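K.L.:
Here it is: the structure, laid out below.
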Amino acid sequence: MFQPEKMTEMVDTYVIPWGINIALALLIFIVGRIVVGILIGLFGKVMARSKYDNMLVDFVK
1 MFQPEKMTEM VDTYVIPWGI NIALALLIFI VGRIVVGILI GLFGKVMARS
51 KYDNMLVDFV K
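Residue numbers (UniProt numbering): 1 to 61.
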């Protein structure tokens with residue numbers, strides 16, 4: 001019924017590679033959100049200094 005050898009093989013075959021892939025995907029997602037937030041903030045400041053319409057600047061932010 002419960003065979004530790006098969007469990008170890010299953011962990012090595014499936015759990016570790018999938019866990020690494022999921023962790024990397026989450027890391028890329030989080031870093032991407034941070035970068036996009038910074039870029040949107042900078043873009044909004046540039047638009048505000050360039051005297052664009054306030055409604056457009058607020059929409060972009």
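For every residue, glycine included, the Cβ atom is placed at its ideal position computed from N, Cα and C. Since we're looking at a predicted model, the values are computed, not measured.
(1) Provide the residue span of the alpha helix (DSSP H) that contains residue 45, from first to last.
(2) In this structure, how does DSSP classify residue 2 when only helix, strand and coil are distinguished?
(3) DSSP three-state label for residue 58, please.
P.N.:
Taking the structure as given:
(1) 16-49
(2) coil
(3) helix
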